[in-house]
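A.B. asks: To start, I am sharing the structure in question, which I have written as structure tokens.
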Amino acid sequence: MTLPKQSLTNDESSFAYSTARDRWPKIIKDCIADLEAQTQFDGAPIIEKFQQLLQDLLSDKKIVKFTDEEIKLDPDLKFYNEQFGDYSWLSGPWLYLECYMYRVIKLFFINAGHPDYDIFNNLKQSTLKLSDLGIIELSKKLLTFDFNLDESVKLTFFREFLDVSLWGNATDLSLLAGVVSLEEMQSIQGEKTRKENEKNIIVNDSPKLFKFLESHNKQFDIVLDNSGFELFSDLVFAIYLIKANLTKKVKFHCKQVPWFVSDVLPKDFDELFGELKNYDNEYVAGFLQTCQDYLKSGAFEIASHKFWTLPNYFWDIDQFPDLYEELKTADVLLFKGDLNYRKLTGDMHWPRTTKFETALQNLSTLGLPIVTLRTCKADVVVGLPEGKEDELKKVDPNWSATGKYAVVSFFQP
Ligand code: F6P
Ligand code: MG
82 MTLPKQSLTN DESSFAYSTA RDRWPKIIKD CIADLEAQTQ FDGAPIIEKF QQLLQDLLSD
142 KKIVKFTDEE IKLDPDLKFY NEQFGDYSWL SGPWLYLECY MYRVIKLFFI NAGHPDYDIF
202 NNLKQSTLKL SDLGIIELSK KLLTFDFNLD ESVKLTFFRE FLDVSLWGNA TDLSLLAGVV
262 SLEEMQSIQG EKTRKENEKN IIVNDSPKLF KFLESHNKQF DIVLDNSGFE LFSDLVFAIY
322 LIKANLTKKV KFHCKQVPWF VSDVLPKDFD ELFGELKNYD NEYVAGFLQT CQDYLKSGAF
382 EIASHKFWTL PNYFWDIDQF PDLYEELKTA DVLLFKGDLN YRKLTGDMHW PRTTKFETAL
442 QNLSTLGLPI VTLRTCKADV VVGLPEGKED ELKKVDPNWS ATGKYAVVSF FQP
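Shown next as structure tokens:
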């Protein structure tokens, strides 16, 4: 089939256009500010590199292939060269270019001898500190929840806990460089707002997913998105799934490279747990204890793979046999967040009524049950009923990029 066009940074009608021009420079300037403030090493040589990157971006320079020397330092980069094209920063595929940018940044730190420095760590931690109301409210909800539920209400509560994880994705930090205010972010962390926002879940396959989990309850894998509050909300959902007997184990898949500002690296679990230890609250302490018990018993497992920080769409998962085999052990694979959704669907301008299965392309032939919880922060959205897009456009022409609408799509092979 002929595929639709990708989102491009020179397409004024795409959210890519403003992202590349406003948000990327802001992200780079924030990196420079972080380096200036840190005292662990001399940041000056890396700051110079960031300044050059900023200039290249603002003056729309062509991007260049990674050299053999660079590939020796970071073998993942060969996958970037394989997909390389004649692109400049402000004129090329949004998804590829933004992934490329985070790999260039990683290379700065490898070259400077600080390969493990997480340039976004301070930012990640600072917004977590602003999430305490949501953290206390949700810990209490989970710890006091009566899991002896009557059949008739099980689905209702499943949806409630799924919504916690779903709207956790609305707190993405990279968006703080743009569309969402801190007040909006905090309000979405409360139960009242979550309930009010149910009408904004414009595709909702959660009943179908619930039914599936009742008979497929061995292992539930989550391909994580953001750290901080979103990771906390995913852990709340994961504990709920285990306690409600909807799975025995949850495996969390993380990135290996600082990614789209706020994405989870394995060490961000410890960052979160360290932060939660500062709370003087019995429910938060109970939450923390449960996480630690589950990690110890193997009911929780933390994994990472290079694939998640390559430029590839998820249509290519079977080209990475080790990962593909690993994912096959899961009953269901949950992809969190906007970027994962873009990689599931090729970040293309599909007609909005396209079936989710169609947009998954090769991935729909691999025998993996796929679910996605995503608040919409980009162009691509599929699976809408006829007429819905027109309705949404009337309310807000930019509806698909505001983070105010969400989709819960489930594909069962
Ligand atoms: O919309 C801005 C943006 O950074 C996109 O580039 C990206 O898809 C998304 O936000 C990241 O969001 P998430 O953390 O939900 O993947
Ligand atoms: Mg993210």
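All you need for this note's numbering is the position in the sequence shown, starting with 1, plus 81. Beta carbons: idealized from backbone N, C-alpha and C, even for Gly. The structure displayed is predicted, hence computed values, not measured ones.
What's the C-alpha gap between D39 and T439?
C.D. replies: Since the first residue of the chain shown is 82 and the last is 494, residue 39 is not available in this structure.
A.B. asks: Answer yes or no: do L51 and D157 have a C-beta to C-beta separation smaller than 8 Å?
C.D. replies: Residue 51 is absent from the structure shown; the chain starts at 82 and stops at 494.
A.B. asks: Please state if the CB of F96 and the CB of D460 are separated by a distance shorter than 8 Å.
C.D. replies: Their beta carbons are under 8 Å apart, which means D460 touches F96 by this criterion.
A.B. asks: Does DSSP put V260 in a helix, a strand or coil?
C.D. replies: At V260 the pLDDT is 47, less than 50, meaning the model places this residue with poor confidence and gives no usable figure here.
A.B. asks: Look at the alpha carbon of W105 and the alpha carbon of V489, and state the distance between them as a whole number of angstroms.
C.D. replies: One C-alpha to the other measures close to 28 Å.
A.B. asks: Within 10 angstroms of the Cβ of A487, are there 16 or more other Cβ atoms? Answer buried if so, exposed if not.
C.D. replies: Result: buried.
A.B. asks: Tell me, please, which residues DSSP counts as bridged to D344.
C.D. replies: DSSP lists N307 as partners of D344.
A.B. asks: Which value, in whole angstroms, describes the spacing of the CA atoms of Q493 and P347?
C.D. replies: Computed Cα separation, rounded: 29 Å.
A.B. asks: Name the one or two DSSP bridge partners that S490 has.
C.D. replies: T453, per the DSSP bridge assignment.
A.B. asks: Nearer than 7 Å: is that true of the beta carbon of G173 relative to any heavy atom of the ligand F6P?
C.D. replies: Checking every heavy atom of the ligand F6P against the Cβ of G173, none is found closer than 7 Å.
A.B. asks: Return helix, strand or coil for M82, following the three-state DSSP convention.
C.D. replies: Coil, per DSSP.
A.B. asks: Counting only the same chain and skipping the five closest in sequence on each side, list residues whose C-beta sits under 6 Å from that of C457.
C.D. replies: Taken in chain order, the residues that qualify are S481, Y486.
A.B. asks: Return the Cβ separation of W389 and H334 in integer angstroms, given the expectation that the two are a contact with Cβ distance under 8 Å.
C.D. replies: So it is a contact: roughly 7 Å between Cβ atoms.
A.B. asks: Answer with buried or exposed for D103, where buried requires no fewer than 16 other C-beta atoms within 10 angstroms of its C-beta.
C.D. replies: It is exposed - the Cβ of D103 has fewer than 16 other Cβ atoms within 10 Å.
A.B. asks: Quick check: is any heavy atom of the ligand MG less than 7 Å from the C-beta of G215?
C.D. replies: It does not: the Cβ of G215 is nowhere closer than 7 Å to a heavy atom of the ligand MG.
A.B. asks: Please specify which runs of the alpha helix (DSSP H), each continuous and at least 4 residues long, are wholly inside the stretch 102-168, giving them in chain order.
C.D. replies: Within the stretch 102-168, the complete alpha helix (DSSP H) runs of at least 4 residues are 105-118, 125-139, 149-154, 158-163.
A.B. asks: Considering only residues of the same chain and omitting the five flanking positions on each side of Y498, which have a CB-CB separation below 6 Å?
C.D. replies: Past the boundaries of the shown model lies residue 498; the chain is included only from 82 to 494, so the question cannot be answered.
A.B. asks: Please classify L444 as buried or exposed, where buried requires at least 16 other C-beta atoms within 10 Å of its C-beta.
C.D. replies: L444 comes out buried.
A.B. asks: Just to confirm, does K222 get its C-beta within under 7 Å of one of the non-hydrogen atoms of the ligand F6P?
C.D. replies: Because no heavy atom of the ligand F6P lies under 7 Å away, the Cβ of K222 does not count as near it: no.
A.B. asks: What distance in whole Å lies between the Cβ atoms of K330 and A380, which are believed to be in contact at a cut-off of 8 Å?
C.D. replies: The Cβ separation is near 5 Å, so the contact holds.
A.B. asks: Should T83 go down as buried or exposed, given a rule of 16 or more other Cβ atoms within 10 Å for buried?
C.D. replies: By the 10 Å Cβ count, T83 comes out exposed.
A.B. asks: Where do the ends of the beta strand (DSSP E) carrying F381 lie?
C.D. replies: Unbroken beta strand (DSSP E) run through F381: 381-385.
A.B. asks: For N285, which residues from the same chain have a beta carbon less than 7 Å from its beta carbon, with the 5 sequence-adjacent residues on both sides left out?
C.D. replies: The answer, listed in chain order, is V489.
A.B. asks: Are V532 and L219 closer than 8 Å when you measure CB to CB?
C.D. replies: Here the chain comprises residues numbered 82 to 494, so residue 532 is not present and cannot be evaluated.
A.B. asks: Got a list of residues with beta-carbon closer than 5 Å to any non-hydrogen atom of the ligand MG, in chain order?
C.D. replies: After applying the 5 Å Cβ criterion, the set is D306, N307, F341, D344.
A.B. asks: Taking 7 Å as the line, does the beta carbon of N393 fall inside it for any heavy atom of the ligand F6P?
C.D. replies: No; taking the cut-off as 7 Å, the Cβ of N393 has no heavy atom of the ligand F6P nearer than that.
A.B. asks: Mind checking whether the beta-carbon of K458 lies closer than 7 Å to any heavy atom of the ligand F6P?
C.D. replies: The answer is yes for K458.
A.B. asks: Please report how far the alpha carbon of I128 lies from the alpha carbon of F190, in whole angstroms.
C.D. replies: Their Cα atoms are separated by approximately 11 Å.
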